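S.K.: Chains as they are written, first to last, in my numbering: chain A, 1 to 409; chain B, 1001 to 1409.
Protein chains: 2
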Amino acid sequence: MWDTILDRMLARLVSHGRLRVIYPDGTARQYGAGPDPATTLTIRQPRTVRALCLSPDLALGEGYVDGTIAIDQADLHDALALLVRNRTHGGLPAWAGAGARWRSRLAGWATRNTPARARRNVAHHYDLSDDFYRLFLDADMQYSCAYFTDPGMPLDQAQEAKKHHIAGKLLLRPGMRVLDIGCGWGGMALTLARDYGVQVTGITLSRNQRDTAQARVTAAGLDGRVTIRMADYRTISGHFDRIVSVGMLEHVGPAHYRTFFRRLRALLAEDGVALVHTIGFSEPPHPTSDWILRNIFPGGHIPSMSQLSPAYERAQLWLTDVEVLRGHYALTCQHWRARFEAALPEVRRMYDDRFVRMWRYYLVACQAAFEEQWQGVFQLQLARRQDAVPATRDYLYGADRNAYLHAAQ
Amino acid sequence: MWDTILDRMLARLVSHGRLRVIYPDGTARQYGAGPDPATTLTIRQPRTVRALCLSPDLALGEGYVDGTIAIDQADLHDALALLVRNRTHGGLPAWAGAGARWRSRLAGWATRNTPARARRNVAHHYDLSDDFYRLFLDADMQYSCAYFTDPGMPLDQAQEAKKHHIAGKLLLRPGMRVLDIGCGWGGMALTLARDYGVQVTGITLSRNQRDTAQARVTAAGLDGRVTIRMADYRTISGHFDRIVSVGMLEHVGPAHYRTFFRRLRALLAEDGVALVHTIGFSEPPHPTSDWILRNIFPGGHIPSMSQLSPAYERAQLWLTDVEVLRGHYALTCQHWRARFEAALPEVRRMYDDRFVRMWRYYLVACQAAFEEQWQGVFQLQLARRQDAVPATRDYLYGADRNAYLHAAQ
């Protein structure tokens, strides 16, 4: 019975591209049409067929990781891109979304990130060994979307470009006090202190990140300019000329957006400027993928602008600019995955086969989502006063570009 | 009794700057503190005192226009700026907002702009004599926010810069089909057709604007490239490579935002790009000033991002960029007012003293609102596909600037 249901679901779903599915009894079926060679998905267990009918997103990820769904490694990206593309075009029957809608009501709970839960969530992901992250990230360990001024740009250069693009939006002057909320392994804090002459306080909830960032600060001789603390954004006090937060808002959860922006306002000096860089949807809010929520980012949620705007409006913050980066994160994930595969012997010395498949699925699924969904990166620039930011964007581009950088040197 | 109530309201309201009020019985009172010389407001009728208590915004405008409130012409801007600034800082007692909150529930009705009502609303304002608008607008009759790359830029140049800045965001190529929703007196359509070699359909609901725009098109020898129609955005069909809408969304009303963005999507080609330029609040939605709604823009509403974002998200449009222009509209209003005052002898030949005071109050009140409130201009760039717009903004700035303009020539 479940084979028939899945067969009908897939027949309805796949209208862009071609998919070949081999069922547990050996039957092979093709879905979709067109000239592309079909990618093949082999289901090895009858229970996996049932799981795919009831909770497609979760079952696909879990099936791939535990090996009950086989997809040739070379086909993985095409298979996931095909499935995401067809879902984006609304190909699932109405009832198939029922589980997701029901779970979305629970999402408020799943992302009710109290300080204690936020700490556990962060530890789950970021306290994996630094040595592991070093294997696939750039030299500076930027674990967020890079900025490719050209699609062929090497990853290291695109991550440097990202930091300086953000620095430009922060309108830095030497000596300014900067808060970095979610400072990761300290790359942004080090760059701002070294290249722009500012005083940075970086905060993270990950012990590993704190220790590594602190060691890097000391090694760079920047202890006088950079302070790294293990702290929650809700417990910080003081006034900062600038606030930067890159790839942290995804961990905040919709229930806390108002608090987040209220804290931002409270921590900003009167003429302060903040830059929040976050993954974002250009579509109505929807719950995080169950598989991602369970396996990768507990408590995570990707915001839509319709969730962020009521929050910063109530916090009495001027939205002074929004850049919507499209394509950049797909490229970033593609680089990460290529480096991950290249480093596979080292990865296998640290983790088992299940972990390898989980991480591969995560990187490829994210790349496919950025390619096929209404999913990009928002860079929100916010201020307390409308004149805290120049009246045109010329300060960021053209002849004026990097005027602040040169002033700092 | 009403004198006492108004006295208490003002004592509570004014904490930034100084205001001197002369009551109908001749009593003079000072509010606020600080070194600024006080601006003086003379109330000539007891009934105006009562009206100011019950509906401050409406009564102030009506009192100024009918002469029962006197403000020295040189002081008008400072007086209005002072009142707006103090309101923005939350200086009115809770009950004073009750009327406004009650009216905001009715605002849905006030801005329920059916096609017939939309036509009447537009006629109210835009079918004033073209000769009048010519007296204070720039040579091209751009009746929307200019783009000042330098605050000292002359108005004509800043309006030219606005059109080319928008043209840059439209990524035009010769021969493209462009729809201009709310084309005014045709300035944008003419510029795009002449300088970028595109085919433009301009629509307006004002007969005056349609006639003037059509005459300008013919005079420019561009009948083959520009079509001007008197039409509502809801009745247009076809597919356009680009859509531009400047200063029109303010007339749409929140009840119609979903329809507006759905129409935008339906009218856009698959790889199309739209640019919507509108006044916007960087604060929670609130109703339009009663005085503006009654006297200047019936059916008008200034959107907040929290009202626009749910609408474009549901319409399945990619938000590809948002520029938030701050300060530019205050400068634009300042220019308009200076030109209006300089042309006063001609204005008086067309309209009576009451009209002159109404128009002066409108221009000054708008300038003050842009200076003191969370009110700016949003330029939303929207597309159906994420790759319809380049991955970085370099196409709009720096060396690539105007690449499209050069290609067109």
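Idealized CB from N, CA, C, for every residue including glycine. Note that the coordinates shown come from a computational prediction; the quantities given were computed from them, not determined experimentally.
(1) Expressed to the nearest angstrom, what Euclidean distance is found between the alpha-carbon atoms of His1251 (chain B) and Arg117 (chain A)?
(2) Apart from the five residues on each side of it in sequence, which residues of its chain come closer than 6 Å, Cβ to Cβ, to Arg173 (chain A)?
(3) Tell me which residue opens and which closes the alpha helix (DSSP H) that Asp1078 (chain B) is part of.
(4) Strictly below 8 Å CB to CB, what residues from chain A border Met1305 (chain B)?
(5) What is the rounded straight-line gap between the Cα of Trp2 (chain A) and the Cα of Thr42 (chain A)?
(6) Near Ala51 (chain A), which residues of its chain fall below 8 Å by C-beta distance, leaving aside the five closest residues on each side in sequence?
(7) Could you list the residues in the region 382–397 of chain A with a C-beta less than 8 Å from some C-beta on chain B, going in chain order?
(8) If you scan the region 1306–1376 of chain B from start to end, which runs of the beta strand (DSSP E) of 3 or more residues do you find wholly inside it?
(9) Once you ignore the five residues that flank Glu1270 (chain B) on each side, which residues in its own chain have a CB closer than 8 Å to its CB?
(10) Counting only Cβ-Cβ distances shorter than 8 Å, please list the residues of the region 326–337 of chain A near chain B, keeping chain order.
(11) Alpha carbon to alpha carbon, how far is His1256 (chain B) from Asp1130 (chain B)? Give it in angstroms, no decimals.
(12) Note down the Cα distance separating Leu1293 (chain B) from Ala1123 (chain B), rounded to an integer number of angstroms.
(13) According to DSSP, is Gly17 (chain A) helix, strand or coil?
(14) Quick check on the DSSP output: what are the complete beta strand (DSSP E) runs of length 3 or more inside the region 1202–1282 of chain B, in order along the chain?
(15) Comparing alpha-carbon positions, which option in A:Gly26, A:Arg8, A:Ala330 and A:Pro35 lies nearest Arg18 (chain A)?
(16) Please report how far the alpha carbon of Ser1289 (chain B) lies from the alpha carbon of Cys1333 (chain B), in whole angstroms.
(17) What are the start and end residues of the alpha helix (DSSP H) that includes Val428 (chain A)?
(18) Consider the Cβ of Gln1379 (chain B): report whether some Cβ of chain A lies at a distance smaller than 8 Å.
(19) For Pro284 (chain A), would you say it is in contact with chain B, using Cβ-to-Cβ distances shorter than 8 Å as the test?
(20) Decide if Thr1004 (chain B) is buried, meaning its Cβ has at least 16 other Cβ atoms within 10 Å, or exposed.
(21) Of the residues that make up the region 157–176 of chain A, which ones have a beta carbon closer than 8 Å to any beta carbon in chain B?
(22) Of the choices A:Leu170, A:Asp25 and A:Val65, whose alpha-carbon is the least far from that of Asp353 (chain A)?
(23) Spell out a yes or no on whether the region 208–227 of chain A and the region 150–169 of chain A are touching, meaning 3 or more CB-CB pairs, one atom from each, closer than 8 Å.
(24) Kindly indicate the opening and closing residues of the beta strand (DSSP E) around Gln1159 (chain B).
(25) Between the C-alpha atoms of Leu1268 (chain B) and Arg1314 (chain B), what's the straight-line distance to the nearest angstrom?
(26) Determine the burial state of Ala219 (chain A): buried for a count of at least 16 other Cβ atoms within 10 Å of its Cβ, exposed for fewer.
(27) What residues of chain A sit near Phe1355 (chain B), judged by a beta carbon separation below 8 Å?
(28) So, with DSSP's three-state summary, where would you put Asp180 (chain A)?
(29) Can you check whether the C-beta of Gly1376 (chain B) is within less than 8 Å of a C-beta belonging to chain A?
(30) So, using beta-carbon positions, are Gln367 (chain A) and Glu323 (chain A) closer together than 8 Å?
(31) Taking Cβ positions, are Met1305 (chain B) and Gly1280 (chain B) nearer each other than 8 Å?
(32) Between Thr1111 (chain B) and Pro1024 (chain B), how many whole angstroms is the CB-CB distance? I'm expecting something under 8 Å.
(33) On the three-state DSSP scale, how would you describe Thr42 (chain A)?
(34) At a CB-CB cut-off below 8 Å, which residues of chain B make contact with Gln316 (chain A)?
(35) Could you confirm whether any beta carbon from chain A is found closer than 8 Å to the beta carbon of Thr1149 (chain B)?
M.R.: Judging by the given coordinates:
(1) Against the second sequence, residue 1251 (chain B) aligns to sequence position 251. Against the first sequence, residue 117 (chain A) aligns to sequence position 117. If I take the Cα positions, the gap works out to 46 Å.
(2) Position 173 of the first sequence, counted from the start, is the residue given in the question as residue 173 (chain A). Beyond the five residues adjoining it in sequence on each side, Arg173 (chain A) comes within less than 6 Å, by CB distance, of no other residue in the same chain.
(3) Taking the second sequence and counting its residues from 1, one reaches residue 1078 (chain B) at position 78. Asp1078 (chain B) -> alpha helix (DSSP H) spans Leu1076 to Thr1088.
(4) Residue numbering aside, residue 1305 (chain B) sits at position 305 when the second sequence is read from its first letter. Within chain A, the residues near Met1305 (chain B) are Met305, Ser309, Glu313 and Leu319.
(5) By one-based count along the first sequence, residue 2 (chain A) stands at place 2. By one-based count along the first sequence, residue 42 (chain A) stands at place 42. Their backbone Cα atoms lie some 15 Å apart in a straight line.
(6) Taking the first residue of the first sequence as 1, we reach residue 51 (chain A) at position 51. The beta carbon of Ala51 (chain A) sits closer than 8 Å to those of Leu58, Ala59, Glu62 and Gly63, all from its chain and outside the five residues before and after it, given in chain order.
(7) Shown in chain order are the members of the region 382–397 of chain A whose Cβ falls below 8 Å from a Cβ of chain B: Gln386, Asp387, Val389, Ala391, Thr392, Arg393, Asp394, Leu396 and Tyr397.
(8) Along the region 1306–1376 of chain B, the beta strand (DSSP E) occurs as fully enclosed runs of 3 or more residues at 1318–1325, listed in sequence order.
(9) As a working mapping, residue 1270 (chain B) is identified with position 270 in the second sequence. Same-chain partners within the cutoff: Arg1384 and Arg1385.
(10) Listed by position along the chain: Arg326, Gly327 and His328.
(11) Along the second sequence, read from residue 1 onward, the residue named residue 1130 (chain B) stands at position 130. Along the second sequence, read from residue 1 onward, the residue named residue 1256 (chain B) stands at position 256. Approximately 29 Å between the Cα atoms of the pair.
(12) Mapped onto the second sequence, residue 1293 (chain B) falls at position 293. Mapped onto the second sequence, residue 1123 (chain B) falls at position 123. It is roughly 14 Å from the alpha-carbon of Leu1293 (chain B) to the alpha-carbon of Ala1123 (chain B).
(13) By one-based count along the first sequence, residue 17 (chain A) stands at place 17. Gly17 (chain A) sits in coil when the DSSP states are folded into three classes, being neither helix nor strand.
(14) Every beta strand (DSSP E) of 3 residues or more that sits fully in the region 1202–1282 of chain B is shown, in chain order, as 1226–1230, 1240–1246 and 1268–1281.
(15) By one-based count along the first sequence, residue 18 (chain A) stands at place 18. Nearest in C-alpha terms to Arg18 (chain A), of all of A:Gly26, A:Arg8, A:Ala330 and A:Pro35, is A:Pro35.
(16) On the second sequence, position 289 is the one that residue 1289 (chain B) refers to. On the second sequence, position 333 is the one that residue 1333 (chain B) refers to. If you take the alpha carbons of Ser1289 (chain B) and Cys1333 (chain B), they lie about 17 Å apart.
(17) No information on residue 428 (chain A) is available, as it lies outside the stretch 1 to 409 that chain A covers here.
(18) Taking the first residue of the second sequence as 1, we reach residue 1379 (chain B) at position 379. False, the Cβ-Cβ gap to chain A never drops below 8 Å.
(19) Position 284 of the first sequence, counted from the start, is the residue given in the question as residue 284 (chain A). Yes, Pro284 (chain A) lies at the interface with chain B (some Cβ there is under 8 Å from its Cβ).
(20) Residue 1004 (chain B) sits at position 4 when you count from the first residue of the second sequence. Thr1004 (chain B) is exposed by the Cβ-count criterion.
(21) Residues of the region 157–176 of chain A whose Cβ lies closer than 8 Å to any Cβ of chain B: none.
(22) Within the first sequence, numbered from 1, the residue matching residue 353 (chain A) stands at position 353. Considering only alpha carbons, the answer is A:Val65.
(23) Not touching, per the Cβ criterion.
(24) Position 159 of the second sequence, counting from 1, holds the residue named residue 1159 (chain B). Per DSSP, Gln1159 (chain B) lies in no beta strand (DSSP E); the unbroken alpha helix (DSSP H) holding it starts and ends at Leu1155 to Lys1169.
(25) The count along the second sequence starts at 1 and reaches residue 1268 (chain B) at position 268. The count along the second sequence starts at 1 and reaches residue 1314 (chain B) at position 314. Rounded to the nearest angstrom, the two C-alpha atoms are 16 Å apart.
(26) The sequence position of residue 219 (chain A) within the first sequence is 219, counting from 1. Exposed: under 16 other Cβ atoms inside 10 Å.
(27) Against the second sequence, residue 1355 (chain B) aligns to sequence position 355. The contacting residues do not exist; Phe1355 (chain B) stays about 32 Å from chain A at best.
(28) For the purposes of this step, residue 180 (chain A) is taken as the residue at position 180 of the first sequence. Asp180 (chain A): strand per DSSP, three-state reduction.
(29) Stepping through the second sequence from its first residue, residue 1376 (chain B) is reached at position 376. Cβ-Cβ to chain A under 8 Å: yes for Gly1376 (chain B).
(30) Position 367 of the first sequence holds residue 367 (chain A). Position 323 of the first sequence holds residue 323 (chain A). The answer is no: Cβ separation not under 8 Å.
(31) Taking the first residue of the second sequence as 1, we reach residue 1305 (chain B) at position 305. Taking the first residue of the second sequence as 1, we reach residue 1280 (chain B) at position 280. Yes, they are a contact pair.
(32) What you label residue 1111 (chain B) is simply residue 111 of the second sequence in a count that begins at 1. What you label residue 1024 (chain B) is simply residue 24 of the second sequence in a count that begins at 1. Separation of the CB atoms of Thr1111 (chain B) and Pro1024 (chain B) is rounded to 36 Å, and the pair is thereby denied contact status at 8 Å.
(33) If you number the first sequence from 1, residue 42 (chain A) lands on position 42. Of the three classes helix, strand and coil, the one that applies to Thr42 (chain A) here is strand, per DSSP.
(34) Stepping through the first sequence from its first residue, residue 316 (chain A) is reached at position 316. Per Cβ cutoff of 8 Å: Glu1283 and Trp1374.
(35) Here the question's residue 1149 (chain B) lines up with position 149 in the second sequence. The beta carbon of Thr1149 (chain B) falls within 8 Å of a beta carbon belonging to chain A, placing the residue at that interface.
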